[in-house]
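Everything below concerns the one structure shown next.
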Amino acid sequence: RCNVDLDFGQFHLPRYQVPDGFTLDSYLEHLALEGLTARYGTSPADGVGERLRYELGVISKMGFSGYFLVVWDFIAYARRRGIAVGPGRGSSAGSLVAYCLGITSVDPIRYGLLFERFLNPERISMPDMDIDFADDRRDEVIRYVVERYGADRVAHIITFGTMGAKAVIRDVARVLGFSYGEADRIAKLVPGFPLNITLDESLEKAPPLAEQVKRDPKVGELWSVAKALEGCTRHASVHASAVVISDEPLMARVPLYKDPKRPELITGLAMGPIEKLGLLKMDFLGLKTLTVISDTVALIKDAHGISLDADRLPLDDPKTYQLLSDAKTFGIF
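Per my numbering, the very first residue in the sequence shown carries number -15; after that it's consecutive.
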């Protein structure tokens, strides 16, 4: 008998251990103020300190100081290990706290970015930071998180592939004994756009397909079975970047799935339900561009003895803009 209660009423952030004498809020403030001095000097421009205090107040009020500390911690680990980290992706680049902590490298004051795009006290939802790492070392960061919070509290997130219009036609046709050529010909009558077109929409947009279904009883049978199966789950796989980190063993919160070909835990629930249950979902994105940049910096150091900081390169370099003007943009992300 199934005996389970699903808790949709609160967030379940992993417990970040702060040093003695600090709370989550006070330690975040301590790190942010240190970062403020490092980024802007001892006398920041008017409004910068006020903006930082405002953001810290919102973060504390919403109960997300621990979230920022968790993210800061694994990004600080990556930087200590020489793992390339992206400058910031999406709305999190609008946070001055994130910039002062070194989570992002884009100055939100200089570029007029809005904190409320990232975290709005009027909309209570978990912050969402997507973090880019060099793709050849992304797994090192995830291993650190597993060691930090426990192998039973960290898991990759499952995804489910469903039967779209063309796929379900091919699958059903194979079972009903259609030849590969016949199945392929019928499936190709389904329009390619819009991308998630349904079988019903296909009949409306493709008269040759509608004629086949109406005229040929065998194709009509194929169509009725395909309609019954359309949208059903076809297979399970693992999300390319999403990882869940829990405050207690995941077995107590979600079903777990074990792929015999993979060593790590995988949740049995997809990303939507995971977020609704208040669990922390982080996207650890592996970016080849960062690997290329990191390797290039290392080669320059080996060949010329010059140490470059990829986060401090000038943004007004004339030779770079000349390359852009010449449309030599291959490899730019």
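Just so it is clear, CB atoms sit at the ideal spot from N, CA and C, and this is done for glycine as well.
As the structure is a prediction and not an experimental result, all values here were calculated from the model.
Subject >> C-alpha gap between ALA320 and TYR164, whole angstroms >> reply: Because residue 320 is not part of the residues shown, which for the chain are -15 to 317, the question remains open.
Original post:
Run through DSSP, which three-state label would LYS265 get?
Top reply: Three-state DSSP puts LYS265 in a strand.
Subject >> For LEU271, three-class secondary structure by DSSP >> reply: Three-state DSSP puts LEU271 in a strand.
Subject >> HIS(-4) and ARG237 closer than 8 Å at C-beta >> reply: Yes, the Cβ-Cβ distance between HIS(-4) and ARG237 is below 8 Å.
Original post:
When DSSP labels each residue in this structure, what does GLY145 get in the three-state scheme?
Top reply: GLY145 falls in the strand class under three-state DSSP.
Subject >> Nearest-angstrom beta carbon gap, LEU40 and GLU13 [assumed within contact, 8 Å] >> reply: Between GLU13 and LEU40, the beta carbon gap of about 6 Å places them in contact (Cβ cut-off 8 Å).
Subject >> Contiguous beta strand (DSSP E) assignments of at least 3 residues, all confined to the segment 135 to 216 >> reply: Counting only runs of 3 or more residues that sit fully inside the segment 135 to 216, the beta strand (DSSP E) segments are 138 to 146, in chain order.
Subject >> Candidates GLU185, LEU8, SER278, ALA167: closest to ASP293 by CA position >> reply: Residue SER278 is the option with its Cα nearest to ASP293.
Subject >> Contact set for LEU261: own chain, Cβ-Cβ below 8 Å, skip 5 residues either direction >> reply: Correct list, in chain order: LEU(-10), ASP(-9), PHE(-8), HIS(-4), ARG237, VAL238, LEU253.
Original post:
Quick one: what does DSSP say LEU97 is sitting in, helix, strand or coil?
Top reply: Looking at LEU97 - three-state DSSP - the assignment turns out to be coil, as it is neither helix nor strand.
**OP:** Tell me whether LEU240 sits in a helix, a strand or coil according to DSSP, three-state version.
**Re:** In this structure, LEU240 counts as strand in the three-state DSSP scheme.
Original post:
Below 8 Å between beta carbons: does that hold for LEU173 and LEU160?
Top reply: Contact flag unset, no.
Original post:
For SER79, does the three-state DSSP call read helix, strand or coil?
Top reply: SER79: coil per DSSP, three-state reduction.
Subject >> Nearest-angstrom Cα separation, counted from THR275 out to ASP120 >> reply: Rounded to the nearest angstrom, the gap between the Cα atoms of ASP120 and THR275 is 7 Å.
**OP:** Could you tell me the boundaries of the beta strand (DSSP E) in which PHE117 lies?
**Re:** Start and end: 114 to 118.
Subject >> GLY315 vs PHE117 beta-carbon contact at 8 Å >> reply: The Cβ atoms of GLY315 and PHE117 do not sit closer than 8 Å to each other.
Original post:
Count the other CB atoms within 10 Å of the CB of MET266; is the residue buried (16 or more) or exposed (fewer)?
Top reply: Flag for MET266 reads buried.
Original post:
What does DSSP give as the partner residues of VAL227 in its beta bridges?
Top reply: Answer by DSSP bridge pairing, in chain order: HIS140, MET266.
**OP:** State buried or exposed for PRO92, treating a residue as buried only when at least 16 other CB atoms are found within 10 Å of its CB.
**Re:** Under this definition PRO92 is a buried residue.
Subject >> With 16 other Cβ atoms within 10 Å as the buried cut-off, status of ARG122 >> reply: Buried: at least 16 other Cβ atoms inside 10 Å.
**OP:** Using beta-carbon positions only, say whether THR182 and GLU214 come within less than 8 Å of one another.
**Re:** Contact check for THR182 against GLU214 passes: the beta carbons are separated by less than 8 Å.
Original post:
MET110: which of PRO(-2), LEU187, GLN306 sits nearest, CA to CA?
Top reply: Ranked by Cα distance from MET110, the options PRO(-2), LEU187, GLN306 are led by PRO(-2).
**OP:** Out of ARG35, VAL42, ALA82, state which residue places its alpha-carbon closest to the alpha-carbon of PHE52.
**Re:** When each option's Cα is compared against that of PHE52, the closest is ALA82.
**OP:** Determine the extent of the alpha helix (DSSP H) in which SER291 is found, giving its start and end residues.
**Re:** It is not in any alpha helix (DSSP H) - SER291 carries neither H nor E in the DSSP assignment.
Original post:
Where does ALA220 fall in DSSP's three states?
Top reply: For ALA220, the three-state secondary structure derived from DSSP is strand.
Subject >> Strand pairing of ILE250, partner residues [DSSP] >> reply: Residue pairing from DSSP places ILE250 in a beta bridge opposite HIS140, TYR241.
Original post:
How would you write the range of the alpha helix (DSSP H) that GLU18 sits in, first residue to last?
Top reply: From DSSP, the alpha helix (DSSP H) with GLU18 extends over 8 to 24.
Original post:
DSSP state of VAL69, grouped into three classes?
Top reply: DSSP places VAL69 in strand when its eight states are reduced to three.
Subject >> the segment 13 to 29 contacting the segment 84 to 99, beta-carbon criterion three pairs below 8 Å >> reply: Yes, the segment 13 to 29 is in contact with the segment 84 to 99.
Subject >> Pairwise C-alpha distance: GLU166 and GLY74 >> reply: Cα atoms of GLY74 and GLU166: separation of roughly 45 Å, rounded to the nearest angstrom.
Original post:
Since VAL126 contacts VAL227 with CB under 8 Å, what's their CB separation in whole angstroms?
Top reply: Looking at the sequence shown, residue 126 is not Val but Ile. Confirmed, Cβ separation roughly 6 Å.
Subject >> Pick from GLY50, LYS45, SER27 that is closest to LEU15, judged by C-alpha positions >> reply: Of GLY50, LYS45, SER27, the residue nearest in Cα terms is GLY50.
Subject >> Neighbour-count burial assignment, ALA29, 16 or more Cβ in a 10 Å radius >> reply: Counting of Cβ neighbours within 10 angstroms places ALA29 among the exposed residues, the total staying below 16.
Subject >> Of the listed residues ILE43, ARG94, TYR11, nearest to GLY31 (C-alpha basis) >> reply: Considering only alpha carbons, the answer is ARG94.
**OP:** Taking 8 Å as the cut-off, decide whether the C-beta atoms of PRO247 and ARG137 are in contact.
**Re:** Cβ distance not < 8 Å, so PRO247 and ARG137 don't count as in contact.
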